[in-house]
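First residue of the sequence shown: 365, per our numbering; consecutive thereafter. Quick notes on the structure that follows.
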Amino acid sequence: MPFPIKTGLSIIVLLVALAGYFYQDSLGMHGPKIAILFLAPFMVVAMWIFPEVTRK
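Here is the structure:
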């Protein structure tokens, strides 16, 4: 995946996670809020660490 696309996708994922975090907070749900807090950065890091699948 090209660098600009990966960067843009990372920013979008973090912004959606931030919105989800505040939405869950406004509902008073503590568990899903913490799950979003830990899973979103994990998803972004995994996208940068693991290579794409290429077929030969």
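All C-beta atoms in this analysis are idealised placements derived from N, C-alpha and C, irrespective of residue type, glycine included.
C-alpha of K370 to C-alpha of P396: approximately 26 Å in a straight line. By a beta-carbon distance limit of 8 Å, V377 contacts A404. Their separation comes to about 6 Å. Take the alpha-carbon of L401 and the one of V408: they are about 12 Å apart. Following the DSSP letters along the chain, one finds G372 inside the alpha helix (DSSP H) bounded by residues F367 to L391.
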